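Residue numbers (the working numbering): 11 to 627.
Here a beta-carbon is modelled for each residue, glycine too, at the ideal position from N, C-alpha and C.
The model shown is predicted, which means the values in this text are computed figures rather than measured ones.
This is the structure we're talking about:
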């Protein structure tokens with residue numbers, strides 16, 4: 011190697027050493043900067059025809075980062091944020107329902123109402139005890155109102171959060187667009203992009219908390235971002251635009267507005283439907299599913315406790331015509347939502363149950379079997395809008411035409427259903443469940459609760475206008491007549507003679523309706539299923555609902571903790587993959603300084619040799 015070659019090599023080495031020293035110093039200075047990744051310098055050495063070093067170029071500033079660990083960490087952020095929000099809201103929801111041992115819980119309030127009625131059974135004429143029973147019922151209704159309102163507030167809170175998050179995601183996509191453009195320009199100009207890539211990673215990290223996104227890099231270093239099911243969020247340097255209109259009046263049982271995405275190409279899609287995780291998905295699920303389901307549970311409780319008190323059974327009377335027997339039933343008291351239940355054995359010997367549901371709107375017909383919670387019945391809707399029992403019977407006759415039963419008017423506008431010995435079919439029972447319309451002289455039932463969302467209406471569980479029970483918990487109220495006269499809990503008959511104020515028959519009926527009467531509960535409440543709905547008393551359902559909310563909150567908390575632990579572990583691994591090791595950098599700087607000194611010494615030696623040569627000459 012000639013002196014010139016040695017000098018060139020030393021000069022090139024000094025330049026490369028200086029670049030490495032600059033990068034190493036920057037690494038040390040930014041060791042504690044969040045999101046800063048360790049940088050290294052790569053070099054190309056150029057050799058002439060004689061094999062001598064003709065040049066060394068520090069070609070690229072590279073980031074030291076494990077992209078697979080990064081992808082795993084970013085992916086876990088969506089799941090963690092999703093689980094975190096679910097845990098937070100379900101915990102607050104659990105607080106609304108309370109715990110079974112909590113004296114202010116829904117269970118406790120329902121229990122006090124039941125206890126007050128049982129106490130009144132033993133002392134029906136005691137005004138103070140009557141008043142206590144009314145107060146307990148009033149407190150139960152108010153607890154349902156309050157709980158429903160609080161859940162509506164949680165739904166609104168989730169809706170407001172979606173509006174804020176939509177704005178945040180739009181800002182992040184816009185910032186990614188700006189950073190991507192700067193990276194593309196820098197790449198074309200041959201300028202390092204490492205610092206800009208760090209900034210872009212921080213933006214993608216934030217975005218990953220909102221949605222579970224798939225991120226890829228193009229040949230020019232720019233990004234492509236898609237939703238979980240492959241819908242475009244960012245591509246070719248252009249972001250999609252998210253739009254969301256806040257749902258200022260969330261209606262019971264109704265979902266709120268969704269988030270619409272418009273791509274640069276003009277196509278649109280539903281962001282929530284295209285995603286599986288992240289805080290935005292959690293908020294939409296809470297608003298439209300989890301919290302709505304909780305309101306449905308309250309509505310179910312309100313509906314069933316009202317019906318338990320106010321509905322009475324209308325029994326049929328035996329009827330025989332020739333060889334065929336069955337029953338006659340008075341259907342004149344039917345109101346929308348009331349039912350007639352028929353049990354019979356068909357021609358093949360199979361037991362059948364039919365439920366006839368009264369409706370006042372013929373457009374609702376025909377009804378599906380899901381119109382009742384009983385999984386074993388066949389449902390027919392009966393139009394009673396005429397207000398004429400004879401027409402009811404005509405409609406029932408048409409509905410049951412295929413059963414092989416003999417259905418007719420008995421001549422006094424009572425429904426007659428007989429078996430057919432030639433069929434053969436046989437009728438086992440026939441009865442109706444109707445809502446009392448007066449405070450007395452209609453049996454032992456009493457409308458303790460009424461619907462005060464639009465005046466004071468009886469609750470009959472009508473199916474019209476989307477169903478009376480939807481949102482009923484927000485409007486259930488103690489009957490004003492009962493507030494004015496607590497003696498109605500006891501006095502149920504005025505003709506032919508007034509019953510004694512010490513007669514416990516009515517209050518015993520009411521107490522039993524709450525704690526002994528069993529029914530099927532709507533599986534739409536999330537408790538039970540269509541094939542195996544929850545069956546029990548109203549108190550059973552209240553207790554089960556409170557337990558359900560507690561279990562849901564516990565499960566969400568456990569899930570959140572597991573996801574958080576996973577994300578923390580990935581965060582540590584991710585940080586380790588790019589973080590600056592001060593000890594290693596300081597040691598490397600010493601090596602660079604030694605190398606710098608060695609190159610300088612070479613240059614000094616070459617200089618001295620040249621001086622000697624010049625002196626010889």
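Where does the unbroken beta strand (DSSP E) through residue i begin, and where does it stop?
| i | result |
| --- | --- |
| residue 323 | 321-325 |
| residue 217 | Counting along the chain, residue 217 falls outside any beta strand (DSSP E), though it belongs to the alpha helix (DSSP H) covering 204-220. |
| residue 224 | 224-227 |
| residue 339 | 334-339 |
| residue 392 | 388-393 |
| residue 235 | 233-236 |
| residue 368 | 361-369 |
| residue 350 | 349-355 |
| residue 384 | Residue 384 -> no beta strand (DSSP E), and no H or E assigned at all. |
Using the rule of at least 16 other Cβ atoms within 10 Å of the residue's Cβ for burial, across every protein chain shown, is residue i buried or exposed?
| i | result |
| --- | --- |
| residue 312 | buried |
| residue 198 | exposed |
| residue 466 | exposed |
| residue 516 | buried |
| residue 91 | buried |
| residue 258 | exposed |
| residue 293 | buried |
| residue 537 | buried |
| residue 624 | exposed |
| residue 348 | buried |
| residue 210 | buried |
| residue 490 | exposed |
| residue 582 | exposed |
| residue 504 | exposed |
| residue 346 | buried |
| residue 191 | exposed |
| residue 140 | buried |
| residue 68 | Confidence at residue 68 is low in this model, with a pLDDT of 48, below 50, so its placement is unreliable and the value that follows should be read with caution. Result: buried. |
My guess is that residue i and residue j are in contact by the Cβ rule of under 8 Å, so how many angstroms apart are they, rounded?
| i | j | result |
| --- | --- | --- |
| residue 367 | residue 406 | No, residue 367 and residue 406 are not in contact; Cβ-Cβ is about 11 Å, not under 8 Å. |
| residue 118 | residue 150 | Not a contact, Cβ separation roughly 10 Å. |
| residue 233 | residue 223 | Going by Cβ atoms, the distance from residue 233 to residue 223 rounds to 10 Å, so no, they are not a contact pair. |
| residue 445 | residue 579 | Wrong, their Cβ atoms sit about 59 Å apart, outside the cutoff. |
| residue 100 | residue 566 | 4 Å |
| residue 289 | residue 271 | Not quite, the Cβ-Cβ distance comes to about 16 Å (not below 8 Å), so this is no contact. |
| residue 339 | residue 326 | 4 Å |
| residue 166 | residue 220 | Wrong, their Cβ atoms sit about 20 Å apart, outside the cutoff. |
| residue 383 | residue 532 | 5 Å |
By Cβ distance, which residues of its chain are closer than 6 Å to residue i, with the 5 residues on each side in sequence left out?
| i | result |
| --- | --- |
| residue 355 | 361, 436 |
| residue 263 | 480 |
| residue 284 | 237, 239, 241 |
| residue 488 | 147, 148, 151 |
| residue 7 | What the structure shows of the chain is the stretch from 11 to 627, and residue 7 is not part of that stretch, so it cannot be assessed. |
| residue 387 | 363, 365 |
| residue 626 | none |
| residue 96 | 292, 566 |
| residue 86 | 576, 577, 580 |
| residue 296 | 99, 168 |
| residue 562 | 100 |
Would you check whether the ligand FMN has a heavy atom nearer than 6 Å to the C-beta of residue i?
| i | result |
| --- | --- |
| residue 359 | Ligands are entirely absent from the displayed structure, and the ligand FMN is therefore not among its contents. |
Among residues of its own chain, excluding the 5 on either side of residue i, which ones have a beta-carbon nearer than 7 Å to its beta-carbon?
| i | result |
| --- | --- |
| residue 318 | 523, 524, 527, 548 |
| residue 418 | 407, 426 |
| residue 534 | 306 |
Starting from residue i, follow the alpha helix (DSSP H) in both directions and report where the run begins and ends.
| i | result |
| --- | --- |
| residue 157 | 137-199 |
| residue 101 | 77-107 |
| residue 668 | Limits of the chain in this structure are 11 at one end and 627 at the other, which puts residue 668 out of reach. |
| residue 517 | 515-525 |
| residue 444 | From DSSP, residue 444 is part of no alpha helix (DSSP H) but of the beta strand (DSSP E) over 436-445. |
| residue 406 | 399-409 |
| residue 122 | 116-132 |
| residue 456 | Note, residue 456: premise wrong, no alpha helix (DSSP H); not H, not E. |
| residue 294 | 289-295 |
| residue 494 | 490-494 |
Does any residue of chain C have a CB that is nearer than 7 Å to the CB of residue i?
| i | result |
| --- | --- |
| residue 307 | Checking the listed chains, one finds no chain C in this structure; it contains a single protein chain. |
Who are the Cβ neighbours of residue i in its own chain at under 8 Å, not counting the five residues just before and after it?
| i | result |
| --- | --- |
| residue 574 | 90, 93, 94 |
| residue 115 | 107, 108, 109, 556 |
| residue 329 | 335, 336, 337, 338, 420, 426, 428 |
Quiz item: Does the count of Cβ pairs from the stretch 117-132 and the stretch 155-166 closer than 8 Å reach three?
Solution: no
Quiz item: Would the stretch 454-470 and the stretch 104-115 be scored as touching if the rule is three or more Cβ pairs under 8 Å?
Solution: no
Quiz item: With contact counted as at least three CB pairs below 8 Å, one residue from each stretch, are the stretch 243-252 and the stretch 174-194 in contact?
Solution: yes
Self-check item: Any 3 or more C-beta pairs closer than 8 Å across the stretch 296-304 and the stretch 333-341
Solution: no
Quiz item: Can at least three beta-carbon pairs, one atom from the stretch 271-289 and one from the stretch 395-415, be found at a separation below 8 Å?
Solution: no
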